[in-house]
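Heads up: the structure comes next, in structure tokens.
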Amino acid sequence: MSEGAESLTTNLIASPNLKEALVEIEHQLRLRPFRPHPLFAGGHAQTLAAYLWPRRFTLRAQRRDPIRLFEVEPNVHLLARCRWQPDRRAHPTLVLVHGFEGSISSVYMLGTAEKAFRAGFNVVRLNMRTCGGTEHLTPTLYHSGQTRDFDRVLRELRERDRLAQLFLVGFSMSGNMALRLVADYGATEFPELLGIVAVSPSLDLSACADAIERRANRLYQWSFLNSLRRRMRLKHRLHPELYDLRPLRQVRTIRDFDECYTTAHGGYRSAAEYYAMTSAKDHLSRIRRPTLIIQAQDDPLVPFDSFPHEAIKSNPHIIMLAPRSGGHVGFLATPNGGEDRWWAENRIVDFCRLLHQYANHSR
Numbered sequence: 021m022s023e024g025a026e027s028l029t030t031n032l033i034a035s036p037n038l039k040e041a042l043v044e045i046e047h048q049l050r051l052r053p054f055r056p057h058p059l060f061a062g063g064h065a066q067t068l069a070a071y072l073w074p075r076r077f078t079l080r081a082q083r084r085d086p087i088r089l090f091e092v093e094p095n096v097h098l099l100a101r102c103r104w105q106p107d108r109r110a111h112p113t114l115v116l117v118h119g120f121e122g123s124i125s126s127v128y129m130l131g132t133a134e135k136a137f138r139a140g141f142n143v144v145r146l147n148m149r150t151c152g153g154t155e156h157l158t159p160t161l162y163h164s165g166q167t168r169d170f171d172r173v174l175r176e177l178r179e180r181d182r183l184a185q186l187f188l189v190g191f192s193m194s195g196n197m198a199l200r201l202v203a204d205y206g207a208t209e210f211p212e213l214l215g216i217v218a219v220s221p222s223l224d225l226s227a228c229a230d231a232i233e234r235r236a237n238r239l240y241q242w243s244f245l246n247s248l249r250r251r252m253r254l255k256h257r258l259h260p261e262l263y264d265l266r267p268l269r270q271v272r273t274i275r276d277f278d279e280c281y282t283t284a285h286g287g288y289r290s291a292a293e294y295y296a297m298t299s300a301k302d303h304l305s306r307i308r309r310p311t312l313i314i315q316a317q318d319d320p321l322v323p324f325d326s327f328p329h330e331a332i333k334s335n336p337h338i339i340m341l342a343p344r345s346g347g348h349v350g351f352l353a354t355p356n357g358g359e360d361r362w363w364a365e366n367r368i369v370d371f372c373r374l375l376h377q378y379a380n381h382s383r
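Dropping the structure here:
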């Protein structure tokens, strides 16, 4: 897998055979369809089972990976944990970014990192602003409009580390951000970014804000709001001049929180404007980079009918795997053909591995 990665700077998207290669990659991915674990049927069961299922690697993985800080703006740092192959420049690199109120220690981040490293990738697990106990590293909050944070991390890896083959993998909120970023890159900017993966991407933020207010989703909203309240109290202690806690008493929904805090600190006039300006759904037709979207049709938090299916289907650069079940960043499967039960993690690594092989063979 490491062959030629350091010297490869070919613009993959200029290859005349890329579309044919993506058709073959999609065929390979579909050879292993998702078969849900028989004990966890339905979107809620899949979502909760994936979160609660014990996984043995967690502490070992966290302790082993060295910390790195990326400065994305003056006085704004993102903390990452990096796992490098012995000769990092000779290997492709996956940058993994967590979802809303997640962190580099989220189980799907650790699971994907384990699989990717075993497959020969360098792995960078990235916290978004203030996440994972990093409130002290920035006076700001995080939100879906901060796609340039990802861009600055990717550029540092390219310029400082001289890494020539990069992949960006986003889950949920960061999946939306990754899609928006790669749409903005177009066909020519940043050729070292060979491809992206978006798992359960919240690409219509207004629809997602509506979905989480449904009665069946009260547990998720309660959990998110408790986490946000804790974060805001800590931000207030660190920066009392920036964060007024009085509006927090009136926050009952995620939309309320965005109306009170995200808009003010993100430079938006309203939650509606924030959702409209940062959602990727209207920009997918502009994507010109190999892209994999993994989205369950029974996701309780990201409505499947909010996806622009015609735009996705008509874009030859996008592969979409949309099993009927899987929940939100769930995809807990019946073990199949030697793979473990974490289906989405396996498909992420397969997509990046196959794309990397094509990039090297097409030189």
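Per the working numbering, the sequence shown starts with residue 21, numbered consecutively. Even for Gly, the Cβ is constructed at its ideal location relative to N, Cα and C. Note that the structure is predicted; figures quoted are calculated from it, not measured.
Its Cα nearest to that of T132, the residue W363 stands out among A379, L374 and W363. If you check the CB distance, T160 and V96 come in under 8 Å. In this chain, the beta strand (DSSP E) harbouring I313 covers T311 to I314. H47 and A292 have their C-alpha atoms roughly 39 Å apart. In the DSSP assignment, T273 falls outside any alpha helix (DSSP H), carrying neither H nor E. Per DSSP, the continuous beta strand (DSSP E) segment holding E91 begins and ends at I87 to E93. Our two residues, W104 and P310, have alpha carbons roughly 24 Å apart in a direct line. Assignment of alpha helix (DSSP H) within the region 210 to 277, counting only whole runs of 4 or more residues, yields 225 to 232, 238 to 258 and 274 to 277 in chain order.
Annotation for H97: the continuous beta strand (DSSP E) segment containing it runs V96 to R103. G206 sits exposed, since fewer than 16 C-beta atoms from the chains shown fall within 10 Å of its C-beta.
CA-to-CA, the gap between E365 and K135 works out to about 7 Å. In the three-state scheme derived from DSSP, where H, G and I count as helix and E and B as strand, N37 is classed as coil.
Under the 10 Å beta carbon count, T298 is surrounded by 16 or more other beta carbons and is classified as buried. Annotation for F210: no residue places its beta carbon closer than 6 Å to its own, counting only its chain and skipping 5 residues before and after.
Counting C-beta pairs closer than 8 Å gives three or more between the region 178 to 196 and the region 221 to 231, which meets the contact rule. Looking at E44, S290 and L341, the one whose alpha-carbon comes closest to that of V219 is L341. By the neighbour-count criterion, in which 16 or more other beta carbons inside 10 Å mark a residue as buried, V189 falls on the buried side.
Taking a cut-off of 8 Å on C-beta distances, the region 342 to 351 touches the region 316 to 329, as three or more cross pairs fall below it. Within the model, the alpha-carbon separation for L157 versus D264 is close to 19 Å.
Boundaries of the beta strand (DSSP E) around R145: N142 to L146.
Among the bridge pairs identified by DSSP, A69 is matched with none.
Taking C-beta atoms as the reference points, H329 and R308 fail to come closer than 8 Å. Contact between the region 171 to 182 and the region 102 to 118 is established, with three or more Cβ pairs separated by less than 8 Å.
Residue environment analysis places T167 among the buried positions, since at least 16 neighbouring C-beta atoms fall within 10 angstroms of its C-beta. For the options F60, E40 and L146, the alpha carbon positioned closest to that of T354 is the one of F60.
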